[in-house]
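Undergrad: Residue 335 in UniProt numbering sits at position 335 of the sequence shown, with consecutive numbering throughout.
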Amino acid sequence: RADPGPIVLVVAPTRELAVQISDEAEKLLKHSASNPQLPGGLRSCCFYGGGKKFEQLRKFTFDGSHICVATPGRLIDFCKEGKVSLKRVTYFCLDEADRMLDFGFSGDMDALSAAIRPERQTVFFSATWPKEVQALACRLCTDADGPVTIRVGRGGGADAAGRAAAEDGGDGELLAREGITQQVVVVDFPDEQRPWDKQDEVKKNVLDKHIKDVMAQDDSKMIIFVNQKHFADELSTKLWDEGVYVDAIHGGKQQERRLAILNSFRKGETRLLIATDVIGRGLDIPKVSHVVIYNMNGVEDYIHRIGRTGRGKDGKGHALVFFEHAPAAPDSAKELIAVLEKSKQPVPPELVRIAEEVASGKRAARDGGSW
1 RADPGPIVLV VAPTRELAVQ ISDEAEKLLK HSASNPQLPG GLRSCCFYGG
51 GKKFEQLRKF TFDGSHICVA TPGRLIDFCK EGKVSLKRVT YFCLDEADRM
101 LDFGFSGDMD ALSAAIRPER QTVFFSATWP KEVQALACRL CTDADGPVTI
151 RVGRGGGADA AGRAAAEDGG DGELLAREGI TQQVVVVDFP DEQRPWDKQD
201 EVKKNVLDKH IKDVMAQDDS KMIIFVNQKH FADELSTKLW DEGVYVDAIH
251 GGKQQERRLA ILNSFRKGET RLLIATDVIG RGLDIPKVSH VVIYNMNGVE
301 DYIHRIGRTG RGKDGKGHAL VFFEHAPAAP DSAKELIAVL EKSKQPVPPE
351 LVRIAEEVAS GKRAARDGGS W
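1. Does the beta-carbon distance from isoleucine 224 to valine 292 come in below 8 Å?
2. Across which residues does DSSP place histidine 318 in a beta bridge pair?
3. Among residues of its own chain, excluding the 5 on either side of glutamate 26, which ones have a beta-carbon nearer than 8 Å to its beta-carbon?
4. Quick test of the definition: if touching needs 3 or more C-beta pairs under 8 Å, does the stretch 304-311 touch the stretch 179-191?
5. With a floor of 3 residues, list each beta strand (DSSP E) that falls wholly inside the stretch 235-288, ordered by position along the chain.
6. CA-CA distance, glutamine 228 and glycine 5?
7. Taking 6 Å as the limit between beta carbons, can you name the residues of its chain near glycine 73, skipping five residues before and five after?
8. In whole angstroms, what separates the C-alpha of phenylalanine 323 from that of lysine 267?
9. By Cβ distance below 6 Å, which residues in the same chain neighbour alanine 2 in space, the five residues on each side in sequence not counted?
10. Helix or strand or just coil, what does DSSP make of cysteine 46?
11. Taking 8 Å as the threshold (C-beta atoms), are arginine 117 and lysine 87 in contact?
12. Can you list, in chain order, the residues of its chain with a C-beta nearer than 8 Å to that of residue 376? Leave out the 5 residues immediately preceding and following it.
13. Going straight from the alpha carbon of aspartate 219 to that of arginine 305, what length do you get?
14. Closest to leucine 140 by C-alpha separation, out of Glu119, Thr128 and Leu175, would be which residue?
15. Write down the C-beta distance between alanine 127 and aspartate 108 rounded to the nearest angstrom, noting that I regard them as a contact closer than 8 Å.
16. State buried or exposed for arginine 15, treating a residue as buried only when at least 16 other CB atoms are found within 10 Å of its CB.
17. Considering Cα atoms alone, identify which of Leu272, Asp188 and Tyr302 is closest to alanine 232.
18. What did DSSP end up calling alanine 328 once you bin it into helix, strand or coil?
19. Cutting at 8 Å between CB atoms, please list the residues of its own chain near glutamate 350, excluding the five before and the five after it.
20. State buried or exposed for aspartate 213, treating a residue as buried only when at least 16 other CB atoms are found within 10 Å of its CB.
21. Could you tell me which uninterrupted alpha helix (DSSP H) segments, each at least 4 residues in length, are contained entirely in the UniProt domain "Helicase ATP-binding" (1-147), listed from first to last along the chain?
22. From the DSSP output, which residues share a beta bridge with phenylalanine 323?
23. Since leucine 42 and leucine 57 are thought to touch, with beta carbons under 8 Å apart, how far apart are those beta carbons, to the nearest angstrom?
24. Where arginine 194 and aspartate 200 are concerned, what is the direct C-alpha to C-alpha distance, given to the nearest angstrom?
25. Tell me, please, which residues DSSP counts as bridged to methionine 222.
26. Hey, out of Phe103, Asp95, Val152 and Ala115, whose CA is closest to phenylalanine 137's CA?
27. Can you tell me the Cα-Cα spacing of cysteine 46 and glutamate 256, whole angstroms?
28. If you check the beta carbons only, do alanine 355 and lysine 334 fall under 8 Å apart?
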């Protein structure tokens, strides 16, 4: 062959997701070695930032690769350096397309698309389908008729199109995965002089009891999502000192350590994991029975995070979320209520009260945007 580049390109937003996809590809490709028409079988490679460039390129150069799984930054670096060519790519896949836009990779997607032949199949996988992702899909689609939309699940559930778009490009609705029991704890003390102190106290007390109850179940496995790396480490240390076998994973840890932590959790050697959004989307971790969202960022992230559970044979899971009103996202209560109602989950009266106060303007005046 004249060009050593891959035929299949899969782009993912994070290192962990790229490695997971590559590992799954290797399991499938090993069966191709027995095909006499494919000497050596089909081969894959994985490029991601944080890994050693030399080792990644050595596998690609010496073994050759039909399938390349990569994060955008590292792949573009290799292309600019002339180490990798995308001219042979005929299958271009973008996984977690919405998250890549969140990370600011829109320009990178355009650059990669321009380096790939127009005679190709382009596939998007996205748990949500906002207008920004729809626009990117239309922009990268080489078919004059535009992209075909396939929705999987309950009208486009959390695994396939949480914000499901109709074929005419409608926004659709955010829907949670079926089988997940959603428990919302509203933490709201607007009349307190220092409300955040009271909120933290309540959250920590509820969380402590929840952890003890869940960890008392032999077959349980739980992820606690937090926003800050230092808090993930602090909580992990506190629980460890209390005799709980726990680990924390976040972007501040070395890549090798992060992969080791994930593997330990997947195998069940660790049953409790404190995590930032580094594993909030895309990763398939089996048998997670419980998810806790300590800091709720928004309804779309909520859908993704609770989707880490309910992946067992029975499809059942439990999600506990702490809801705190944020003036920067005043409609969060209303949006969460819609998700709960469509999932036939109980809606706390306090959540309804916050939504009503925001709608009437009372909540905005009370909070004053100072929190």
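Using N, Cα and C, we set each Cβ at its ideal position, and we do this for glycine too.
It should be emphasised that the depicted structure is a prediction, and the values quoted were computed from it without experimental measurement.
TA: Answer, in terms of the structure:
1. By one-based count along the sequence shown, residue 224 stands at place 224. By one-based count along the sequence shown, residue 292 stands at place 292. Taking 8 Å as the Cβ cut-off, isoleucine 224 and valine 292 qualify as a contacting pair.
2. As a working mapping, residue 318 is identified with position 318 in the sequence shown. According to DSSP, which records beta bridges pairwise, histidine 318 is partnered with Thr181 and His290.
3. Here residue 26 refers to the residue found at position 26 when the sequence shown is read from its first residue. Only Ser44 meet the Cβ criterion.
4. yes
5. 246-249 and 272-275
6. Translated into the one-based positions of the sequence shown, residue 228 becomes position 228. Translated into the one-based positions of the sequence shown, residue 5 becomes position 5. Glutamine 228 and glycine 5: Cα-Cα distance of roughly 39 Å.
7. For the purposes of this step, residue 73 is taken as residue 73 along the sequence shown, with counting starting at 1. Cβ within range, chain order: Gly49.
8. For the purposes of this step, residue 323 is identified with residue 323 of the sequence shown, where counting begins at 1. For the purposes of this step, residue 267 is identified with residue 267 of the sequence shown, where counting begins at 1. Approximately 31 Å between the Cα atoms of the pair.
9. Start at 1 with the first residue of the sequence shown, and residue 2 comes out as number 2. Reliability fails at alanine 2, whose pLDDT of 49 lies under 50, so the model's placement of it is uncertain and the value that follows must be treated cautiously. Excluding positions up to five away in sequence, the list is empty.
10. On the sequence shown, residue 46 is found 46 positions in, with the first residue counted as 1. Residue state, collapsed to three classes: strand.
11. Within the sequence shown, the letter at position 87 stands for residue 87. Within the sequence shown, the letter at position 117 stands for residue 117. Taking 8 Å as the Cβ cut-off, lysine 87 and arginine 117 qualify as a contacting pair.
12. Nothing in the structure corresponds to residue 376, since the chain is present only between 1 and 371.
13. Here residue 219 corresponds to residue number 219 of the sequence shown, with the count starting at 1. Here residue 305 corresponds to residue number 305 of the sequence shown, with the count starting at 1. Roughly 20 Å between the two C-alpha positions.
14. For this step, residue 140 is matched to residue 140 along the sequence shown. Ranking the options by Cα distance to leucine 140, first place goes to Glu119.
15. Against the sequence shown, residue 127 aligns to sequence position 127. Against the sequence shown, residue 108 aligns to sequence position 108. Going by Cβ atoms, the distance from alanine 127 to aspartate 108 rounds to 20 Å, so no, they are not a contact pair.
16. Your numbering for residue 15 matches position 15 in the sequence shown. Looking at its Cβ environment, which holds 16 or more other Cβ atoms inside 10 Å, arginine 15 is buried.
17. Here residue 232 refers to the residue found at position 232 of the sequence shown. When only C-alpha atoms are compared, the closest one is Leu272.
18. Locating residue 328 in the sequence shown gives position 328, counting from the first residue. Three-state result, alanine 328: coil.
19. Reading the sequence shown from its first residue, position 350 is the one you call residue 350. Correct list, in chain order: Val186 and Asp188.
20. The residue you call residue 213 lines up with position 213 of the sequence shown. Classification for aspartate 213: exposed.
21. 15-29, 53-58, 72-80, 97-102, 106-114 and 131-140
22. Walking along the sequence shown from the start, residue 323 turns up at place 323. In the DSSP output, where bridge partners are listed per residue, phenylalanine 323 has Val186.
23. By one-based count along the sequence shown, residue 42 stands at place 42. By one-based count along the sequence shown, residue 57 stands at place 57. Not confirmed; about 19 Å, so no contact.
24. Counted from its first residue, the sequence shown places residue 194 at position 194. Counted from its first residue, the sequence shown places residue 200 at position 200. Taking the straight line joining both Cα atoms gives about 11 Å.
25. Numbered from its first residue, the sequence shown carries residue 222 at position 222. Beta-bridge pairing links methionine 222 to Leu272 and His290.
26. Along the sequence shown, one-based indexing puts residue 137 at 137. Inspection of the sequence shows that residue 137 is occupied by alanine rather than by phenylalanine. Closest by alpha carbon: Asp95.
27. As a working mapping, residue 46 is identified with position 46 in the sequence shown. As a working mapping, residue 256 is identified with position 256 in the sequence shown. Computed Cα separation, rounded: 14 Å.
28. For the purposes of this step, residue 355 is taken as residue 355 along the sequence shown, with counting starting at 1. For the purposes of this step, residue 334 is taken as residue 334 along the sequence shown, with counting starting at 1. In this structure, lysine 334 lies closer than 8 Å to alanine 355 by Cβ.
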